[in-house]
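Below is one structure, written out as structure tokens; the observations come after it.
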Amino acid sequence: MYKILKKQELVPNIHLVKFLAPAIAKKAQPGQFVIITVDEKGERIPLTIADWDKTEGSITVVFMEVGTTTQRFALLNTGDSIDSLVGPLGIPAHIEKVGTVVCVGGCYGIAAIMPIARAMKEAGNKVISIIEARSKYLLFWEDELKSVSDQLIVTTGDGSYAPQGWIPDQLTQIFEGEEKVDLIFAIGCTFMMKLASETSKPFDIKTIVHLNSIMVDGTGMCGCCRVLVGGETKFACVDGPEFDGHQVDWDVLLSRQSGYQDLEIQSLQNWESRNWRRTK
Amino acid sequence: MEQKAKKEKVPRQPMPEQEPKVRAKNFQEVPLGYPPDIAMREASRCLQCKNPTCRTGCPVEIDIPAFINRIKEGDFKGAIAKIKEKNALPAVCGRVCPQEVQCENNCILGKKGEPVAIGRLERFSADWERAQGEVSIPEKEAPTGKRIAVVGSGPSGLTVAGDLILKGHDVTIFEAFQIPGGVLVYGIPEFRLPKAIVAAEVEYMKKLGVKFQCDMVVGATVSIDELFEQGYDAVYIGVGAGLPAFMRIPGENLIGVYSANEYLTRSNLMKAYLFPKYDTPIIRGKNVVVFGAGNVAMDSARTALRLGAERVRIIYRRSREEMPARIEELHHAEQEGVELLLLAAPLNFIGDGDGRLKGVRCQRMELGEPDESGRRRPEPIKGSEFETECDTAVIAIGAGANPLLTKKTPDIQLNRRGYIIAEPETGKTTKKGVWAGGDIVTGQATVILAMGAGRMVANSIHNYLTLGW
Ligand SMILES: Cc1cc2nc3c(=O)[nH]c(=O)nc-3n(C[C@H](O)[C@H](O)[C@H](O)COP(=O)(O)OP(=O)(O)OC[C@H]3O[C@@H](n4cnc5c(N)ncnc54)[C@H](O)[C@@H]3O)c2cc1C
Ligand SMILES: Cc1cc2nc3c(=O)[nH]c(=O)nc-3n(C[C@H](O)[C@H](O)[C@H](O)COP(=O)(O)OP(=O)(O)OC[C@H]3O[C@@H](n4cnc5c(N)ncnc54)[C@H](O)[C@@H]3O)c2cc1C
Ligand code: SF4
Ligand code: SF4
Ligand code: FES
Numbered sequence: 001m002y003k004i005l006k007k008q009e010l011v012p013n014i015h016l017v018k019f020l021a022p023a024i025a026k027k028a029q030p031g032q033f034v035i036i037t038v039d040e041k042g043e044r045i046p047l048t049i050a051d052w053d054k055t056e057g058s059i060t061v062v063f064m065e066v067g068t069t070t071q072r073f074a075l076l077n078t079g080d081s082i083d084s085l086v087g088p089l090g091i092p093a094h095i096e097k098v099g100t101v102v103c104v105g106g107c108y109g110i111a112a113i114m115p116i117a118r119a120m121k122e123a124g125n126k127v128i129s130i131i132e133a134r135s136k137y138l139l140f141w142e143d144e145l146k147s148v149s150d151q152l153i154v155t156t157g158d159g160s161y162a163p164q165g166w167i168p169d170q171l172t173q174i175f176e177g178e179e180k181v182d183l184i185f186a187i188g189c190t191f192m193m194k195l196a197s198e199t200s201k202p203f204d205i206k207t208i209v210h211l212n213s214i215m216v217d218g219t220g221m222c223g224c225c226r227v228l229v230g231g232e233t234k235f236a237c238v239d240g241p242e243f244d245g246h247q248v249d250w251d252v253l254l255s256r257q258s259g260y261q262d263l264e265i266q267s268l269q270n271w272e273s274r275n276w277r278r279t280k
Numbered sequence: 001m002e003q004k005a006k007k008e009k010v011p012r013q014p015m016p017e018q019e020p021k022v023r024a025k026n027f028q029e030v031p032l033g034y035p036p037d038i039a040m041r042e043a044s045r046c047l048q049c050k051n052p053t054c055r056t057g058c059p060v061e062i063d064i065p066a067f068i069n070r071i072k073e074g075d076f077k078g079a080i081a082k083i084k085e086k087n088a089l090p091a092v093c094g095r096v097c098p099q100e101v102q103c104e105n106n107c108i109l110g111k112k113g114e115p116v117a118i119g120r121l122e123r124f125s126a127d128w129e130r131a132q133g134e135v136s137i138p139e140k141e142a143p144t145g146k147r148i149a150v151v152g153s154g155p156s157g158l159t160v161a162g163d164l165i166l167k168g169h170d171v172t173i174f175e176a177f178q179i180p181g182g183v184l185v186y187g188i189p190e191f192r193l194p195k196a197i198v199a200a201e202v203e204y205m206k207k208l209g210v211k212f213q214c215d216m217v218v219g220a221t222v223s224i225d226e227l228f229e230q231g232y233d234a235v236y237i238g239v240g241a242g243l244p245a246f247m248r249i250p251g252e253n254l255i256g257v258y259s260a261n262e263y264l265t266r267s268n269l270m271k272a273y274l275f276p277k278y279d280t281p282i283i284r285g286k287n288v289v290v291f292g293a294g295n296v297a298m299d300s301a302r303t304a305l306r307l308g309a310e311r312v313r314i315i316y317r318r319s320r321e322e323m324p325a326r327i328e329e330l331h332h333a334e335q336e337g338v339e340l341l342l343l344a345a346p347l348n349f350i351g352d353g354d355g356r357l358k359g360v361r362c363q364r365m366e367l368g369e370p371d372e373s374g375r376r377r378p379e380p381i382k383g384s385e386f387e388t389e390c391d392t393a394v395i396a397i398g399a400g401a402n403p404l405l406t407k408k409t410p411d412i413q414l415n416r417r418g419y420i421i422a423e424p425e426t427g428k429t430t431k432k433g434v435w436a437g438g439d440i441v442t443g444q445a446t447v448i449l450a451m452g453a454g455r456m457v458a459n460s461i462h463n464y465l466t467l468g469w
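This is the structure:
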């Protein structure tokens, strides 16, 4: 059992959970993830490690409610426990001094990009961070990202805060400006990462994405997470999750992500019908 | 009136089974086990040979005539005690050992008629003991103060742990999954090996004092060198052959194409067959094809039936004679309605335009000259390509060595195929204080061979801890 030290709803449907997990905290590096199982009947799902504290022995994840597991997870509170927590998994982000780095994050990626932005800054890079949200009320960790970036750009889909637009709009503006960008990191929903990669491709700027294919074990044992990168099949959990966004076959990823859609809906309906009285 | 003179010949006693039509729709165990009177009757068939050849067929050399004699006399407690001198997981081995090529293959009765049902009797003894509710705990030797880390909780890891704890050492098992048992929990289905049996064996280990740390991926959460830093005196690597083989043909990334590892892990470990009661989904294909012909393929095909498939075909590129699966498994599968499509190999999977599997293109094969494995090599027949519909495909053509741990431990030498090189007589690796055994050394083999390796390593580790490397 793994104890929840802190639980907070950052913005509607996006939650922060801090776990007591000394062994993982000791090893965690930017870009790595954990796999959690809420309880004995739960599914194993991967979540990026958004923060960690070696002295406290804790790790933090930030997640968005999208289906049964994330909803059930969201109902837990400080002091509760989950059944299983394993990590840190995946190859850590490659951190080195390259010059100017743009770190982009959308939805849960706003938190997931934090450790990478911080590490790239510490490695001596100029870090420009861009975060997007559909609307102002869905924005979080603005100050946190500001503190690890040389420049922070915020963009909202409905223009309720900062300029109206999405990450690709902001990226294009930067690429067409004075600044020479050497590297881009993108974490968030698949569409955003795909669009970010498509935006940077004509400018030939290397773009690292964090692929979020469906996983089971997370250790290279099942092959469920396979993705097509540069024409080769790779396992996202052990060969990634970092890949070159210009090489990724996004259609295969998006298609495989939708493989259980009907069952996911069934699962959620089944769960909701039995738990509608429960509240966060 | 007694009929002493006439020696009535008792035939090999069949084991009651669930009816094929019924069992193909449920996940309960297929063979139901011997009741005591039948077990005793079967035991009476054993000739109690002076030179019991059966024993040489058993990798852990159980004293087979001795335990069978006790069953014959109704001393079931004595029987299980005898078995446990040599085998810590009899309820498992009695069910999944390929007896027909091991102990029973060497039984003298098999020369002319049918061998004694050694496996079924072993299973009977273990089940009897579990049903009594009290499993005897053997005496442990005085604590030695030595600490051993066992990586992986499959049959080999459990054996190493069980042996060394009795010798007074302090043993901790590190397991990547949330539940211990290795392939016994994530691979072999409930209808062949009920998970409650594995759980009972794990509980027994805990009672002996073995500690379990699940959710620990050695190589990720902790490294082998760090285990030594934490004060462990010896490390055993029994991580199995956990790397799925794919066929590298077009269409393999379509939705509905599974590796057997994924298909079985979803169904067994994650209990997707109980979805939506359990959260993990699995595609319940109506028309399923399985590639491969070993136990893993049989388990996948029979799982597919139970998940509601109307048609399940095993597609294999050689003929029936070359199928590596246990005869009993093949027999059970066919009884339940699994079809065989022999001498055919896939060329590519066909999608429906929406990324979902809708068929597979195959080619007919014929058998040519024997290859390195001694089996006749399948050769494609030109112009024999054909297409067949399916909505789910399971690839069960073998497993490889998972590099996650070994990549992080470069001072352990590997062979060409990525398996760990271990001394045949001791299990020692090229890294001091580290042993390896089971599937990660041999490639996917059997439960009992993994246990045999575990026993050998336990002896070697004990010698090391008392005498030196
Ligand atoms: C390496 C990695 C890191 C991730 N990090 C984060 C993170 O930090 N925060 C966050 O909110 N989300 C993250 N995700 C995505 C997260 O795992 C999914 O949102 C979650 O599994 C959804 O589960 P569910 O049961 O709530 O939803 P469901 O209704 O079951 O599924 C919704 C969608 O989520 C995806 N999904 C479902 N099951 C899995 C699974 N077992 N593994 C992966 N994806 C699945 C599918 O595409 C599906 O269509 C990450 C994914 C990966 C692979
Ligand atoms: C579907 C299927 C059916 C089979 N049927 C039969 C049968 O009928 N009869 C028979 O005799 N044999 C059968 N086998 C083969 C048999 O199960 C194996 O040979 C045996 O389980 C090998 O035991 P092991 O201890 O080496 O490893 P495994 O049983 O593979 O266990 C290894 C364990 O190590 C864990 N692990 C892996 N990496 C790490 C890591 N880095 N850190 C921590 N833990 C880790 C794994 O999660 C796993 O729990 C079957 C195999 C399969 C897959
Ligand atoms: S352990 Fe396996 S091989 Fe040995 S006697 Fe039992 S069933 Fe036969
Ligand atoms: S060889 Fe057969 S008959 Fe002889 S002791 Fe063994 S089991 Fe009994
Ligand atoms: S999740 Fe199983 S191999 Fe990646």
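Residue numbers (my numbering), protein chains in the order written: chain A, 1 to 280; chain B, 1 to 469. The beta-carbon is built from N, C-alpha and C at its ideal position, and this holds for glycine as well.
Residue i CB to nearest heavy atom of ligand 3 below 8 Å
| i | result |
| --- | --- |
| Val116/B | no |
| Glu122/B | yes |
| Asn402/B | no |
CB contact below 9 Å: residue i versus chain B
| i | result |
| --- | --- |
| Lys201/A | no |
| Ile4/A | no |
| Ala23/A | yes |
| Lys41/A | yes |
| Thr48/A | no |
| Arg72/A | yes |
| Trp52/A | no |
Beta-bridge pairing of residue i - partner residues as DSSP gives them
| i | result |
| --- | --- |
| Lys3/A | Ser81/A |
| Arg361/B | Asn348/B, Glu387/B |
| Gln13/B | According to DSSP, which records beta bridges pairwise, Gln13/B is partnered with nothing at all. |
| Tyr258/B | Val394/B |
Residue i: CB within 8 Å of a non-hydrogen atom of ligand 4
| i | result |
| --- | --- |
| Gln48/B | yes |
| Ile71/B | no |
| Cys54/B | yes |
| Leu109/B | yes |
| Ile148/B | no |
| Pro65/B | yes |
Whether residue i touches residue j by CB criterion (9 Å)
| i | j | result |
| --- | --- | --- |
| Thr100/A | Ile130/A | no |
| Val96/B | Ile188/B | yes |
| Gln151/A | Ile187/A | no |
| Val11/A | Ala117/A | no |
| Ile49/A | Thr37/A | no |
| Val441/B | Ala422/B | yes |
Any non-hydrogen atom of ligand 2 within 8 Å of residue i CB
| i | result |
| --- | --- |
| Glu226/B | no |
| Tyr273/B | no |
| Gly104/B | Note that residue 104/B is Glu in the sequence shown, not Gly. Every heavy atom of ligand 2 is 8 Å or more from the Cβ of Glu104/B, so no. |
| Glu143/B | Checking the displayed sequence, the identity of residue 143/B turns out to be Pro instead of Glu. Because no heavy atom of ligand 2 lies under 8 Å away, the Cβ of Pro143/B does not count as near it: no. |
Ligand 5 heavy atom lying under 8 Å from the CB of residue i
| i | result |
| --- | --- |
| Gly220/A | yes |
| Val238/A | yes |
| Gly359/B | no |
| Phe177/B | no |
| Glu201/B | no |
Short CB-CB distance (under 9 Å) between residue i and chain A
| i | result |
| --- | --- |
| Thr471/B | The requested residue 471/B is not part of the displayed model; chain B covers only 1 to 469. |
| Lys271/B | yes |
| Glu2/B | Any reading at Glu2/B must be qualified, since the residue scores a pLDDT of 45, below 50, and its modelled position is unreliable; no value is offered. |
| Gln444/B | no |
| Gly355/B | yes |
Where the beta carbon is closer than 5 Å to any heavy atom of ligand 7, which residues qualify, in chain order?
The ligand content of the structure shown is limited to ligand 1, ligand 2, ligand 3, ligand 4 and ligand 5, which means ligand 7 is not among them.
Determine which residues of the region 74-105 of chain A have a Cβ less than 8 Å from any Cβ of chain B, and write them out in chain order.
Close to chain B, meaning a Cβ-Cβ distance shorter than 8 Å, are the following residues of the region 74-105 of chain A: Asp83, Ser84, Leu85, Val86, Gly87, Pro88, Leu89.
Chain B contacts from the region 214-227 of chain A (Cβ-Cβ distance under 9 Å):
Close to chain B, meaning a Cβ-Cβ distance shorter than 9 Å, are the following residues of the region 214-227 of chain A: Val216, Asp217, Gly218, Thr219, Gly220, Met221, Cys222, Gly223, Cys224, Arg226, Val227.
Residues of the region 147-169 of chain B in Cβ contact with chain A at a cutoff of 8 Å, in chain order, please.
Listed by position, the residues of the region 147-169 of chain B near chain A (Cβ gap below 8 Å) amount to none.
Residues in the region 230-251 of chain A with C-beta within 8 Å of chain B's C-beta atoms, listed in sequence order?
Correct list: Thr233, Val238, Asp251.
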